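Remarks on the structure that follows.
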Amino acid sequence: MTAQNRPVLLTAARILGGEPQDVLLADGVIAKVAPAGSLEVPEGALVIDATDKVLLPGLVDLHTHLREPGREDAETVLTGTRAAALGGFTAVHAMANTTPVADTAGVVEQVWRLGNDAGWVDVFPVGAVSVGLAGEQLAELGAMASSAARVRVFSDDGKCVHDPVLMRRALEYVKAFDGVIAQHSQEPRLTDGSQMHEGVVSAEIGLRGWPAVAEEAIIARDVLLAEHVGSRLHVCHLSTAGSVEIVRWAKSRGLPVTAEVTPHHLVLTDELARGYDPVFKVNPPLRTAEDVEAVRAGLADGTIDIVATDHAPHPVEDKDCEWDAAAFGMTGLETALAVVQETMVETGRLTWEDVARVLSTNPARIGRVDDRHGRPVAEGEPANLTLVDPTVRRTVDPALQGTMSRNSPFAGRELPGQVVATFLRGRPTVLDGEALAPAGEPAPQGTIA
Amino acid sequence: MRHLLDARDLTRADAVQVLDTAAEMAATQSREIKKLPTLRGRTVVNLFFEDSTRTRISFETAAKRLSADVINFSAKGSSVSKGESLKDTALTLQAMGADGIVIRHHASGAPHLLAHAGWVDAAVVNAGDGTHQHPTQALLDAFTIRRHLADRGVAGSGEGFDARRGVGKDLAGLKVAIVGDVLHSRVARSNVQLLTTLGAEVTLVAPPTLVPVGVGTWPCTVSYDLDATLAERPDAVMMLRVQRERMSAAGGGYFPSPLEYSRLYGLDQRRLATLAEHAVIMHPGPMNRGLEISAQAADAARSVVVEQVSNGVAVRMAVLYLTLAGSGTAAPVPTSKELA
Ligand SMILES: [Zn+2]
Chain Y
2 MTAQNRPVLL TAARILGGEP QDVLLADGVI AKVAPAGSLE VPEGALVIDA TDKVLLPGLV
62 DLHTHLREPG REDAETVLTG TRAAALGGFT AVHAMANTTP VADTAGVVEQ VWRLGNDAGW
122 VDVFPVGAVS VGLAGEQLAE LGAMASSAAR VRVFSDDGKC VHDPVLMRRA LEYVKAFDGV
182 IAQHSQEPRL TDGSQMHEGV VSAEIGLRGW PAVAEEAIIA RDVLLAEHVG SRLHVCHLST
242 AGSVEIVRWA KSRGLPVTAE VTPHHLVLTD ELARGYDPVF KVNPPLRTAE DVEAVRAGLA
302 DGTIDIVATD HAPHPVEDKD CEWDAAAFGM TGLETALAVV QETMVETGRL TWEDVARVLS
362 TNPARIGRVD DRHGRPVAEG EPANLTLVDP TVRRTVDPAL QGTMSRNSPF AGRELPGQVV
422 ATFLRGRPTV LDGEALAPAG EPAPQGTIA
Chain S
66 MRHLLDARDL TRADAVQVLD TAAEMAATQS REIKKLPTLR GRTVVNLFFE DSTRTRISFE
126 TAAKRLSADV INFSAKGSSV SKGESLKDTA LTLQAMGADG IVIRHHASGA PHLLAHAGWV
186 DAAVVNAGDG THQHPTQALL DAFTIRRHLA DRGVAGSGEG FDARRGVGKD LAGLKVAIVG
246 DVLHSRVARS NVQLLTTLGA EVTLVAPPTL VPVGVGTWPC TVSYDLDATL AERPDAVMML
306 RVQRERMSAA GGGYFPSPLE YSRLYGLDQR RLATLAEHAV IMHPGPMNRG LEISAQAADA
366 ARSVVVEQVS NGVAVRMAVL YLTLAGSGTA APVPTSKELA
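Protein chains in written order, with this note's numbering: chain Y, 2 to 450; chain S, 66 to 405.
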């Protein structure tokens, strides 16, 4: 029996931060949950002392850039999913802005297979909304939905589906297979050449501004479109106080609108641009302290449904240059949970139960993978789990991360919490904080046709 | 002074020191032999990623008059996406043993990166970066204003060119209006910071489309009405160049027409007549005669535009001297005798 498939006994784990319980994983599922100290160690079982550690459902990222195919110098499906496992994830949604663009069944199936072969997490490809992300013509959404990758989330992320007619058609079309359009909300004309949040700091340091209204205007339009055609809308990485207000209003009307915030928008502000270090260049840009407070409040009160990383790896040369010339984006898979702990749990705004909701249950539901991920931590459920030691503090060192890229905005910063172990269908992908080479077992086919 | 990147890095004392040093430099320039041995054996590189013959020549003249070896490195054409990166260029200059790098770049923050990324040991002087800063322009503007106005009312002032007029003083109590495209202007940003550090009151005048969102925290007043600002009798009026391409920008441009712009924000003959008797007219050049400034205003006796250019050499000599010659801020202000 190898470490990969033998039973695992977690002793005295605090499920969702609750009372200590013993949890037995066997045959890919949670076989037993019982009061701490009451379970016998089965023969050959791997025993993990989970005292004072928090057991969460495996995290699900709705917004990951794995870069493959096309930019394997920044990340591959293998390295990106390894980073995800180290960050406590058991599933990621891989964004479509690859080269070639994931706008056909062929490309999404390729990414899906690469994910299966890597075996670190389940990879759910996101399909492009428009052919080549060009914003002109719908991609073959139906073919991607019925492919082996069974795509349910569609996004032109990196670009905004700007044409209101195309957006309307996309919202309507995906109703046929219960899909969702995940919009990167950025009015392109208002953000031509934009480099950072438009405000006090941009005025002073002379970088072209990216106004909050360019995000908010698109969200407002899309909310109204979604209401008109009765479709699901997901708002990617909202970043401004005004965006939170618009989504709050949409929810108060009972509309099927969901929203995400990134870890970096929960903590970092535009003040960081003053040093012109492009590691802080991201799209949407880092906003003001008032916006940070608004997205935290929105996440706490449920206006914002999920935290998604927008993990955006870039090779060194794309960040080791002038701000204007640098690429947008920052890595995030391996720091997401820590940032949520610091900004939301340690401030008393979210419980660990809430963390499971915003980092697992809700993203799994939005992505329609909630038959396998984002499940309750209970007997009979798939053993996709994350064990966290919230008492550890660690200093982020990008050179030690699983991602191939080094563009972490948290480099050198101390963050709380450490993912001790991650389990994908009962098999540890991470143990003692170290990635375990996976056996490469295939993921089961989807049960949703 | 290790580098000169941003006018905001200068305290009042720093700024006065630069201006006083510039005054000494200027005084030497009226002599027959203008060249000083101060930076003999030092290498100054003019690294220009953006065309600006005027600024390059000014720096080149300044460095040569201090006996430095000057290398002109024009990287224009190597756009950000292709060509040699700033990092590789910097490493090349480091290998060549540059003591000072004067950098002009289209990207805001490029001089900051060059100074702080660990690529070079050289002193870095910002000769204009994007829409961020142009600190030597602000210093030469301050120098020009001080020379003309800081001794106002003192007997004997106002006659001939006395480079040392105003030495030791700041600009306390003077009112300066800066008029034009503030949004895209590194000259405006640098001047707002430097002139207020020196005690002047600055008013920015522009159509609202050419004022940045976020200007509210700047230490100055913002006006959309040039006539109202001129009625407050500013001591200096600085007209900024309006680029013709602002007319054809996204959304149909920043203002309706050149005609409307000059009618509302141009320094025309009528406005020229309303200026206080002692007020000076400034422009960083090159001027668009007939757009932001009329020929009458540009050529008026009170126009100090040409003098700004010659003061630019003296100020840049001072900046190169202070960043390259001494051991930093402790370097004493040289007298013309010491410099000779
Ligand atoms: Zn995006």
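Quick reminder that beta carbons are idealized off the backbone N, C-alpha and C, glycines included. Owing to the predicted nature of the structure, the values given are computational and were not obtained by experimental measurement.
For S148/Y, the closest alpha carbon among the candidates W113/Y, L360/Y, E347/Y and V296/Y is that of W113/Y. Between W324/Y and chain S, the shortest Cβ-Cβ separation is below 9 Å. Taken atom to atom, the span from the alpha-carbon of A103/Y to that of I220/Y is near 24 Å. In terms of Cα proximity to P126/Y, the closest of A379/Y, L134/Y and T99/Y is T99/Y.
With 7 Å as the limit, the residues whose C-beta approaches any heavy atom of ligand 1 more closely are D158/Y, G159/Y, H185/Y, C237/Y, H238/Y, N284/Y and D311/Y, in sequence along the chain.
Contact annotation: the stretch 71-85 of chain Y does not touch the stretch 171-183 of chain Y, with fewer than three C-beta pairs closer than 8 Å. Remark: C-beta atoms of D194/S and V109/S do not approach each other more closely than 9 Å.
If you draw a straight line from the Cα of S39/Y to the Cα of K54/Y, it is about 18 Å long. When secondary structure is reduced to three states using DSSP, F424/Y falls in the strand class. Below the 8 Å Cβ cutoff, chain S contributes V278 as neighbours of P212/Y, in chain order. Here the alpha carbon of W283/S sits roughly 23 Å from the alpha carbon of W324/Y. Within chain S, no residue has its CB atom less than 8 Å from the CB of G136/Y, the nearest being about 18 Å off.
Residues of chain S whose Cβ lies closer than 9 Å to the Cβ of E199/Y are, in chain order, P277, V278 and G279. Less than 9 Å separates the beta-carbon of G59/Y from that of A92/Y. Three or more Cβ pairs closer than 8 Å define a contact, and the stretch 416-436 of chain Y falls short of that threshold against the stretch 302-316 of chain Y.
Here D372/Y is exposed. Its C-beta has fewer than 16 other C-beta atoms within 10 Å. Take P165/Y, set aside five residues on each side of it, and the residues of its chain with a beta-carbon closer than 8 Å to its own are R222 and L226, in chain order.
Comparing alpha-carbon positions, the option among R254/S, A182/S, R306/S and G317/S lying closest to T286/S turns out to be R254/S. Secondary structure at D302/Y: helix, using DSSP grouped into helix, strand and coil. Only residues of its own chain outside the window of five on either side were considered, and among them A207, I210, R211, A215, L260, L263, G264 and A265 have a CB closer than 7 Å to the CB of L236/S, listed in chain order. In this structure, D302/Y lies away from S240/Y, with their beta-carbon atoms at least 9 Å apart.
Boundaries for S313/S: no alpha helix (DSSP H) harbours it, and the DSSP string shows neither H nor E there. Secondary-structure assignment with DSSP links N137/S through a beta bridge to N111/S. With the criterion set as a beta carbon lying under 8 Å from some beta carbon of chain Y, the members of the stretch 183-202 of chain S are D194, G195, T196, H197 and Q198, in sequence order. When the alpha-carbon of K33/Y is set against those of R153/Y, A384/Y and A213/Y, the nearest one is in A384/Y. Between T263/Y and D311/Y, the C-beta spacing is below 9 Å.
A106/Y: member of the alpha helix (DSSP H) spanning A106 to A119, first to last residue.
Identification of chain Y residues near T282/S by a Cβ-Cβ cut-off of 9 Å yields V201, A204 and E205, ordered along the chain. Nearest CB-CB separation between A242/S and chain Y: not below the 9 Å threshold. In the DSSP assignment, Q22/Y falls within the unbroken beta strand (DSSP E) covering P21 to A27. The Cβ atoms of E415/Y and T396/Y lie closer than 9 Å to each other. Considering only beta carbons, the part of the stretch 167-181 of chain S lying closer than 8 Å to chain Y consists of H170, H171, A172, S173, G174, A175, H177, L178 and H181, in chain order. The beta carbons of A92/S and L385/S sit about 17 Å from each other, so the pair does not count as a contact at 8 Å. Listed along the chain, the chain S residues whose CB falls inside 7 Å of the CB of L208/Y are S173. Annotation: the continuous alpha helix (DSSP H) that includes V356/Y extends over W353 to A357. The beta carbon of E318/Y falls within 9 Å of a beta carbon belonging to chain S, placing the residue at that interface.
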